[in-house]
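*Asks:*
Number of protein chains: 4
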Amino acid sequence: MKINLNADMGESFGAYQMGADETLIKSIQSANIACGFHGGDPVVMMKTLVFAKENDVSVGAHPSFNDLQGFGRRKMKLAPKELYAILTYQIGALMGSAQTMGLRLSHVKPHGAMNNMACEDYDMSLIIAKAVHDVDQDLILLAPVLSELSKAGKDKGLRVGEEIFADRAYEEDATLVARSKEGAVLHDPAVCLDRVLRMLDQKGIITQSGSVLACDIHSICVHGDNAEACQTAAFLKEGLLGAGYDLRRLDEMI
Amino acid sequence: MKINLNADMGESFGAYQMGADETLIKSIQSANIACGFHGGDPVVMMKTLVFAKENDVSVGAHPSFNDLQGFGRRKMKLAPKELYAILTYQIGALMGSAQTMGLRLSHVKPHGAMNNMACEDYDMSLIIAKAVHDVDQDLILLAPVLSELSKAGKDKGLRVGEEIFADRAYEEDATLVARSKEGAVLHDPAVCLDRVLRMLDQKGIITQSGSVLACDIHSICVHGDNAEACQTAAFLKEGLLGAGYDLRRLDEMI
Amino acid sequence: MKINLNADMGESFGAYQMGADETLIKSIQSANIACGFHGGDPVVMMKTLVFAKENDVSVGAHPSFNDLQGFGRRKMKLAPKELYAILTYQIGALMGSAQTMGLRLSHVKPHGAMNNMACEDYDMSLIIAKAVHDVDQDLILLAPVLSELSKAGKDKGLRVGEEIFADRAYEEDATLVARSKEGAVLHDPAVCLDRVLRMLDQKGIITQSGSVLACDIHSICVHGDNAEACQTAAFLKEGLLGAGYDLRRLDEMI
Amino acid sequence: MKINLNADMGESFGAYQMGADETLIKSIQSANIACGFHGGDPVVMMKTLVFAKENDVSVGAHPSFNDLQGFGRRKMKLAPKELYAILTYQIGALMGSAQTMGLRLSHVKPHGAMNNMACEDYDMSLIIAKAVHDVDQDLILLAPVLSELSKAGKDKGLRVGEEIFADRAYEEDATLVARSKEGAVLHDPAVCLDRVLRMLDQKGIITQSGSVLACDIHSICVHGDNAEACQTAAFLKEGLLGAGYDLRRLDEMI
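Chains as they are written, first to last, in the working numbering: chain D, 77 to 330; chain S, 77 to 330; chain A, 77 to 330; chain Z, 77 to 330.
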C-alpha cells in the first residue's frame, strides 16, 4: 500500500510570489517545477530545486505554453514541431539546473492549458510523449488517469504516473466536472480524504453517480495556492498515513 | 597540425532571420548555438541542431543575458546566483534538445556582452566556469586566448578551447583593439589568412606592434553575418587546408 | 479620381531587420506602424515615425496580438476586455510617440491573425472598432472591403478606409483565395496594375469568376518584404499616376 | 494648507498579484500606474484606471526600464534615444487607455532603478523631462525634492511635483539614507506622521542631524505593499486631515 502526493511548485516569477511552497512541500513527495514559460525563472527554478532536495522530494519538469501573462492557462494551437521543441527546451532547462546539484528528474507533467488540451487530444499527447521520451526515456509522464495523455504515454513506451484529483468531481467519462457546475470542487478536507481512500481501495475513480471506473492510481494531485489548500494537503497526508499508506516519491512508485 | 573554426549560429527568432547559417556551416567544425535569450527560439534551436548534425559540426551552447531586444549586446550587472542560473538554464535547454537526436554538447561559449564583460572580470568568469562545470564537467569552455574567462576556466578544471579572431587587431595586452579605432577590423581575407597562419606558426597572438604573445590556440572564430563574411570564412578554411592544417571538431582538439 | 497606397512598416525589432522600409516608403502615402507586440520596438517606432514625417506619409497604428515569436500570425482567443485593452495600449503607445513630433495618427489597421480573425467575426470586429473609437473617434479604421471588420467600423460610427489587395485573388464571397490554392497570389506587376485599375474603374472587387462585387475602395495594400515587392509597389504607383489618379494620404481620402 | 499623497499602483501582472490597491486607494489622491514594463499589463492598467476614476484619484504614468523579471529595480544603461522612446511609448500607452474613459493623465513618475539613477544624473533626467514634455507639456513630473530629476524638470519648463518620503531618513545632502544603514526606514506610523508635519511646517526636509533643507513639498509618497503599509498610509491621511490639511489631487497642487 503505497501512494504519492504531487503538487506544482516554483511558479513565482521575479518579485512576484505565487503559492506557499514552503508549507506545501512538507506534505508532498514529488514536485512539478515550472520552467519559465508560464511561471518560474532561472533563479526561482534553482531555489525550488534546492528546496526539493532538502525535503527529499522528487523533482519533475512542469512545462507550459509560452504565456507568462496568461499563466499558461490560455489555449494555443502550436505546430507539432513547436510543441515538441518547447518541451525539450523546458525539460532540458530544468535538467541542466538539476544536474548542478546531482539531482535527476523523476518526471514531466504538462501545465495548464497544455495539459487540458492534451487530455482530450491523442495526437497532441503523442507529441508530448515523444518529446519526453526523446529527452530521456526513463522519465515518468505524470498524467490524469484514463486521459488521452496517459494513453499516449503508455503507447510511446513511457512509464506513466497516473494521478487523481483529491478535490474535483468526475464525470461518467472520467473527465473532470466543469468548474462552472455545482459540486465540481470539493471543499471539505474530510470529504476529500474519504473519497481518495475509497478510490484507492476500489482501484478506480468514483464518478458523480457513484460508478467506479477501474484504473491504476499512482499519485494524488494537491494544491498550495493558499493556506487553506495547504491545510487540505496536510490533512490528506496525515489521513493516508493513518490509513496505513506509505508515501513515496514518484520514482519509487512505478 | 590541427585547428578548429567556430561560429555563432541559430540566432534567428521566429519570422526574423539572422545570419547565413546554411552557407557558413560549410566552413566550420563547431557551432555556438543561441539558446533563446538573445536570439534563437526552441524551433530555431532544434533546426540548427539537425543542421549541425547533418554537417558533422560539433555543437555548443551560446548562452547570453536575457535581452532579445538588445541581442545580448548590452551590459547587465547580475547577481552571481542569477548569472549562474541563467547559464545552467540555457545550457540545459540546448542539451535537452540535443539529446533527442543523440547529440552531446561539446562546448559552451558565452555571447556578446556576457563574453566581453567576463573577459575582463575574473570573478564573473569563475561563476560562468562553475556553472559550465556543474552542469557537465566534460564540457569545453570556449574563450578568447589570454582572457580572464580562459584563466578562470582552467582554474576551475575545465578544458578550455582558446580562440583567436581572424579579423580583429590585438592590443599589446591581448585585448581587442576597440572598433572605434582605425585598423581594428581587418577586411581583406588574404590579410586575415596570412595573419592567422603566422599566429598558428608562432604559437601566439600578434599584436599591432608585431609582438607575439605566446598562447595555445585551438580555434578561430569566424562570422556569417552576410555573404562577404561567409566568403572570408570559406577562404580561411581553404587556406588552412592548403597550408596543411587538419580541420577538427572542438571536441577533437582538446 | 484619388486613391491611397498603404503598407506595413516598422516591423524590425532590435538587431532584427524586417522589410525594406526605406525603399517602400517612396511608393506609399500611408504607413501602418507596428506597435511592439508582433514587431517593432520603441526605438524602431520612433525612427519609423520620423521617416514617415520626412516623406509626408500619414501614420497609423498596426496593433497585433502579443506574439513576437509568431510575428502576430498565430490565432489567439482573447477575452473581449483583453482584446480591447491591448488595442488601446498599442494605439496609445504610438500616439504618445507621434505627439513628440507633432504627428497625429490618421488610422488604425489590425495586423496578421487579429485582422484575419476580425474579417470573419463581427463581434470581435465590434470590440476592435470600439477600442479605436474610444481612444480617438477621428481615427480611420483601415479594413478589407466587404469584411466584417469594415462593417463593424461603420456601425460604430468610424470612418472606414476600405482597402483592396493588389496581388491577391478574390473568392465570390469577397474573401481572399487561400494561399494554398493555385492563382491565389498574382506575381506579375502588370497584371496587378491592370486588375487594380479595373477594380477602381468598376467600383468594386473582381472575383476569380470575373464578377464585380460593388464596394467603396479607398486604399490599396502593398508589401515591402523584399526588393521584388518594392518594385511592384513602385510599378503600381507609377501606373496609377499614369492613369490620372491622384495619390493621397488616407486622411485626405475619407 | 494643502498636500497630496501619491502611491504606485497597478503593478500586478496576469495571474500575479502585487500590492493592496483596493485598500491603499482610499488613502491617496494620485496614483502612479505601471505601464507594462516592470509590472502591469494592458488589462491591469485598464482596471486600475477604472478604479482610480471611481475613487476620484488623479492618474499618472509610472514608466520603467523594460525588466519584468527584475521588477524595474535593476540598473540599465540605455542610449538616450532608447530612454526617450521607452518613455513616450509607456506614457502614450497609458494615455490611450485613459482616453477611453475620458481621463487625462496628471503626471509622470519614473519607477525604480530609472528613478534612482535619474535622481543622481542630470543629463539622464533631462532626457526624461524632454520625453514627458514632448508627449504633453501639461504633464507634471513627480520627482523627489532636491533631486537632479526635479531640477531637470524645472529647467525643461515642466511643472514639477516635489515629493518627500514619509518613512525614509534623509542624509545631509537630501539623498535617502541607504537601506543598509540603521534608521534608514521609519516603522512607527506616529513617528512618520510627526516628521511629515514638521517638514510641511518648516517647508523643507529634515535630515538625520535635524537640519532643515528648504524646498517646496507638494506630495508625500506612501506604499501599499502589505496591510501594515496600508495602515501607515491611512494613519498619515487621517493625521494630515486632523492637522487641518486639505488633501488634493496632484493636478490641483501645482
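Even glycine gets a Cβ: it sits at the ideal position worked out from N, Cα and C.
Taking 8 Å as the threshold, find out whether the segment 292-305 of chain A comes into contact with the segment 78-96 of chain Z through three or more Cβ pairs.
*Replies:* Segments in contact, no.
*Asks:* Taking DSSP as the reference, what is the three-state secondary structure of residue 165 of chain D?
*Replies:* Helix, per DSSP.
*Asks:* Can you find a C-beta in chain D that's less than 9 Å from the C-beta of residue 265 of chain S?
*Replies:* No, residue 265 of chain S lies away from the interface with chain D (no Cβ there is under 9 Å from its Cβ).
*Asks:* Note the first and the last residue of the continuous beta strand (DSSP E) segment covering residue 220 of chain Z.
*Replies:* Residues 216-220.
*Asks:* Three or more C-beta pairs closer than 8 Å, one from the segment 106-115 of chain S and one from the segment 158-178 of chain S: is that the case here?
*Replies:* Touching, per the Cβ criterion.
*Asks:* Hey, which unbroken runs of the alpha helix (DSSP H) at 4 residues or more fall wholly within the segment 98-168 of chain A?
*Replies:* The qualifying runs are 118-130.
*Asks:* Quick check on the DSSP output: the alpha helix (DSSP H) that includes residue 317 of chain Z runs from which residue to which?
*Replies:* Here the alpha helix (DSSP H) through residue 317 of chain Z covers 303-318.
*Asks:* Can you list the residues of chain Z that residue 153 of chain S reaches, using a CB-CB cut of under 7 Å?
*Replies:* Ordered by position in chain Z, the residues that pass the 7 Å Cβ test against residue 153 of chain S are 151.
*Asks:* Would you give the residue range spanned by the beta strand (DSSP E) that residue 271 of chain D belongs to?
*Replies:* Residue 271 of chain D -> not in any beta strand (DSSP E); alpha helix (DSSP H) instead, spanning 265-278.
*Asks:* Where do the N-terminal and C-terminal ends of the beta strand (DSSP E) with residue 203 of chain D fall, by residue?
*Replies:* Taken as a continuous stretch (DSSP letters only), residue 203 of chain D belongs to no beta strand (DSSP E), being part of the alpha helix (DSSP H) at 198-211.
*Asks:* Give me whichever residues DSSP pairs with residue 246 of chain Z in a beta bridge.
*Replies:* Residue 246 of chain Z is bridged to Z:252.
*Asks:* Can you tell me the Cα-Cα spacing of residue 273 of chain A and residue 152 of chain D, whole angstroms?
*Replies:* Roughly 41 Å between the two C-alpha positions.
*Asks:* For the alpha helix (DSSP H) holding residue 226 of chain S, just list the boundary residues, first then last.
*Replies:* Note, residue 226 of chain S: alpha helix (DSSP H), 224-231.
*Asks:* Where do the N-terminal and C-terminal ends of the alpha helix (DSSP H) with residue 237 of chain A fall, by residue?
*Replies:* Run containing residue 237 of chain A: none in the alpha helix (DSSP H); it sits in the beta strand (DSSP E), 235-241.
*Asks:* Compile a chain-ordered list of the residues in the segment 199-211 of chain Z whose CB is closer than 8 Å to at least one CB of chain A.
*Replies:* Cβ contacts with chain A come from 207, 210, 211.
*Asks:* So with Cβ pairs under 9 Å, would you call residue 166 of chain S a contact of chain Z?
*Replies:* With 9 Å as the cut-off, residue 166 of chain S does not count as an interface residue toward chain Z.
*Asks:* Please name the residue or residues paired with residue 83 of chain D in a DSSP beta bridge.
*Replies:* Beta-bridge pairing links residue 83 of chain D to D:107.
*Asks:* What residues in the segment 106-121 of chain A have a beta carbon less than 7 Å from any beta carbon of chain S?
*Replies:* Answer in chain order: 117.
*Asks:* Quick check on residue 259 of chain Z: buried or exposed, where buried means 16 or more other Cβ atoms within 10 Å of its Cβ?
*Replies:* When all chains shown are included, residue 259 of chain Z counts as exposed.
*Asks:* Can you give me the C-alpha to C-alpha distance between residue 312 of chain A and residue 253 of chain A, rounded to a whole angstrom?
*Replies:* If I take the Cα positions, the gap works out to 21 Å.
*Asks:* Please state whether the Cβ-Cβ distance between residue 289 of chain Z and residue 246 of chain Z is less than 9 Å.
*Replies:* The answer is yes: Cβ separation under 9 Å.
*Asks:* Quick check on residue 142 of chain A - is its C-beta less than 9 Å from some C-beta in chain D?
*Replies:* True, the Cβ-Cβ gap to chain D drops below 9 Å.
*Asks:* Alpha carbon to alpha carbon, what distance is there between residue 212 of chain Z and residue 159 of chain Z?
*Replies:* Between residue 159 of chain Z and residue 212 of chain Z, the C-alpha separation is close to 17 Å.
*Asks:* My output table needs one value for residue 194 of chain S: the three-state DSSP class, helix, strand or coil.
*Replies:* Helix at residue 194 of chain S.
*Asks:* Using the C-alpha atoms, what's the distance from residue 255 of chain Z back to residue 330 of chain S?
*Replies:* Between residue 330 of chain S and residue 255 of chain Z, the C-alpha separation is close to 49 Å.
*Asks:* What do you reckon, are the CB atoms on residue 162 of chain Z and residue 118 of chain A nearer than 9 Å?
*Replies:* Going by C-beta atoms, residue 162 of chain Z is nearer than 9 Å to residue 118 of chain A.
*Asks:* Since residue 297 of chain A is in the beta strand (DSSP E), which residue starts that stretch and which ends it?
*Replies:* Start and end: 295-297.
*Asks:* Using a threshold of 9 Å, state whether the C-beta atoms of residue 331 of chain D and residue 181 of chain D are closer than that.
*Replies:* Coverage of chain D is limited to positions 77 through 330, which leaves residue 331 of chain D absent and any answer about it impossible.
*Asks:* Closer than 9 Å by beta-carbon distance: list the chain D residues that pair up with residue 276 of chain S, in chain order.
*Replies:* Here the premise fails: no neighbours, minimum Cβ distance about 34 Å.
*Asks:* Does the Cβ of residue 248 of chain A have 16 or more other Cβ atoms within 10 Å, making it buried, or fewer, making it exposed?
*Replies:* Exposed: under 16 other Cβ atoms inside 10 Å.
*Asks:* Taking the CB atoms as reference points, tell me whether residue 271 of chain A and residue 79 of chain A lie closer together than 9 Å.
*Replies:* Result no, Cβ atoms of residue 271 of chain A and residue 79 of chain A do not sit closer than 9 Å.
*Asks:* Among S:238, S:138, S:148, which has the Cα closest to the Cα of residue 91 of chain A?
*Replies:* Nearest C-alpha to residue 91 of chain A: S:148.
*Asks:* If we define contact as Cβ-Cβ less than 9 Å, is residue 284 of chain Z a contact residue for chain S?
*Replies:* Not closer than 9 Å to any Cβ of chain S, the Cβ of residue 284 of chain Z fails to qualify, so no.
*Asks:* Can you have a look at residue 220 of chain Z and say buried or exposed, based on whether 16 or more other CB atoms are within 10 angstroms of its CB?
*Replies:* By the 10 Å Cβ count, residue 220 of chain Z comes out buried.
*Asks:* Along chain D, which residues have their Cβ under 8 Å away from the Cβ of residue 175 of chain S?
*Replies:* Per Cβ cutoff of 8 Å: 164, 168, 210, 211, 212.
*Asks:* Is residue 322 of chain D helix, strand or coil when you go by DSSP?
*Replies:* The answer is strand: DSSP assigns residue 322 of chain D an E or B state.
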